Amino acid sequence: MEMHETVETGAARTEPHVSRAGMWRGAVESLPFQPGALIFGLAVGAAAGQTGLTFAEAIGQSAIVYAGASQMLTLQIWTPDWTLGALLAAIGVTAAINARFLLMSATFRPWIEGLDRRLVYFSLLFLTDASFAIGARHHAAGGRDHGPVIGANIPLYLGWVATTAIGFWAGALVAHPERYGLDLVLPIVFATLTVPMARRAKRFAPLIIAGLLAIIVSQFTAGWFIVAGALAGALSAALIDEAA
Amino acid sequence: MSIGPWTVIFATAAVTILMRLGGYWLMARVPMTARVRRGLEALPASIFIATVAPIALKAGVAGVAAVCVAAGVMFLLRRELPALAAGFATAAGLRAMGM
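Here the protein sequences line up with chains A and B, keeping their order.
Going left to right, the first sequence walks through residues 1 to 244 as the working numbering numbers them.
Going left to right, the second sequence walks through residues 1001 to 1099 as the working numbering numbers them.
Here you go:
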């Protein structure tokens, strides 16, 4: 509706752009996300150390994959003797859990269409739940500045790699993580993130199907239950027709 | 070709990059039918639930209770920090009691 608004007022820019002020604002707005990311980064670093990764591998995983939930899940199926099947399971789990990035980056298209393509793709390399939330908030308010997303990406990325390193060394100090419930970090974080999503869901049947199928499949294989459950949920949502 | 840790790291990174860039790329090319949209909308929550349910169940009483408490507090307060704190406290408490 505002697409054809002319820029004659000169007050607000209606074409997508990147501003330094926006970047700064994004960096500041990433601060509330930092405590959660910090705990999660420590947990991933500790899990990597306990799983038997070298320090370089732990840092490498955080710096190159840069997606905590999928890193944690890959660590759950980590093995000293990788087979092709185990590798495919790791790839499948990673694809399933990070498929949300596909949706988030799809969401950005109408907001920043027209920006320099290289800049857009470079910024999307660092896309996280937090920077998506910050970007979505700005764009929902009518902003066309991509700066907040870029500005949030920088401290989030640096913090993630740094806390992985700290967790790797500190985790070695905790001999039995399960004694303190630290092995439950992932399900607790995910359960918390699920609530607002489930609240917005139009129907619950697909979510119940996803959970049940995942439980059943998990009885037989270690790696594939997430992919199976998630696809079952999405497929059933696609196939159930809108109630007339 | 032998598969080592770095193979796994680079392979999972490649998949993740495909996801991060792919949605933006696809949106210029895929017709967004009602079915596709419904499936995509249900995907994130499905992923989370398909992850949480089996892992919590496998972790026993402490796992199920911690997850339920975290979700319950989130539902009531709509704030992440108290929900996480309650979940972790439940997990640590029940584990301390030997559950």
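All C-beta atoms in this analysis are idealised placements derived from N, C-alpha and C, irrespective of residue type, glycine included.
No experiment lies behind these values; they were computed from the predicted model shown.
Give the residues of chain B in contact with A/Ala210, contact being defined as C-beta atoms less than 7 Å apart.
Those within 7 Å of A/Ala210 in chain B are Ser1046, Ile1049, Ala1050.
Could you check whether the Cβ of A/Met23 sits closer than 9 Å to any Cβ belonging to chain B?
Cβ-Cβ to chain B under 9 Å: no for A/Met23.
Where DSSP assigns a beta bridge to A/Asp145, which residues make up the other side?
Beta-bridge pairing links A/Asp145 to A/His17.
Please list, in chain order, the chain B residues whose beta carbon lies closer than 7 Å to that of A/Gln61.
Residues of chain B passing the Cβ test: Ile1009.
Indicate the three-state DSSP secondary structure (helix, strand or coil) for B/Ile1049 in the structure shown.
Three-state result, B/Ile1049: helix.
CB-CB under 7 Å to A/Asn98, same chain, minus the five flanking residues each way: which ones, in chain order?
Counting only Cβ-Cβ distances below 7 Å, and skipping sequence neighbours, we find Ala67, Ser70.
When the Cβ atoms of the region 41 to 51 of chain A are set against those of the region 140 to 157 of chain A, are three or more pairs found closer than 8 Å?
The answer is no - the region 140 to 157 of chain A does not touch the region 41 to 51 of chain A, with fewer than three Cβ pairs under 8 Å.
Which of the residues in the region 213 to 241 of chain A, read from start to end, lie with their CB under 7 Å from any CB of chain B?
For the region 213 to 241 of chain A, which is checked against every Cβ of chain B, the residues closer than 7 Å are Ala214, Ile215, Ser218, Phe225, Ile226, Gly229, Ala230, Gly233, Ala234, Leu235, Ala237, Ala238.
Do A/Leu73 and A/Ile226 come within 9 Å of each other at the CB atom, strictly closer than that value?
Yes, they are a contact pair.
Should the region 1065 to 1072 of chain B be called in touch with the region 1015 to 1024 of chain B, which here means at least 3 C-beta pairs below 8 Å?
No, the region 1065 to 1072 of chain B is not in contact with the region 1015 to 1024 of chain B.
Between A/Leu102, A/Ile64, A/Ala56, which lies nearest to B/Leu1026 when the distance is taken from Cα to Cα?
Checked all of A/Leu102, A/Ile64, A/Ala56; the closest Cα to B/Leu1026 is A/Leu102.
Could you give the DSSP three-state label for B/Gly1039: helix, strand or coil?
Three-state DSSP puts B/Gly1039 in a helix.
Taking the continuous alpha helix (DSSP H) assigned at A/Leu207, which residues delimit it?
Taken as a continuous stretch (DSSP letters only), the alpha helix (DSSP H) holding A/Leu207 covers 205 to 218.
Where A/Val18 and A/His146 are concerned, what is the direct C-alpha to C-alpha distance, given to the nearest angstrom?
C-alpha separation (whole angstroms): 5 Å.
Buried or exposed for B/Val1061, please, with buried defined as at least 16 other CB atoms from any protein chain shown within 10 angstroms of its CB.
It is exposed - the Cβ of B/Val1061 has fewer than 16 other Cβ atoms within 10 Å.
Closest Cβ-Cβ distance between A/Leu84 and chain B: below 9 Å?
True, the Cβ-Cβ gap to chain B drops below 9 Å.
Candidates A/Ala201, A/Thr194, A/Ala237: which alpha carbon is nearest B/Val1069's?
The shortest Cα separation from B/Val1069 among A/Ala201, A/Thr194, A/Ala237 belongs to A/Thr194.
Going by Cα to Cα distance, which pick from A/Pro35, A/Gly92, A/Ala48 is closest to B/Ala1011?
The residue with the shortest Cα to Cα distance from B/Ala1011 is A/Gly92.
Can the beta-carbon of B/Arg1037 be found less than 9 Å from the beta-carbon of A/Ile240?
No. Outside cutoff.
When we look at the beta-carbon of A/Arg20 and count the other beta-carbons within 10 Å, is it buried (16 or more) or exposed?
A/Arg20 is exposed by the Cβ-count criterion.
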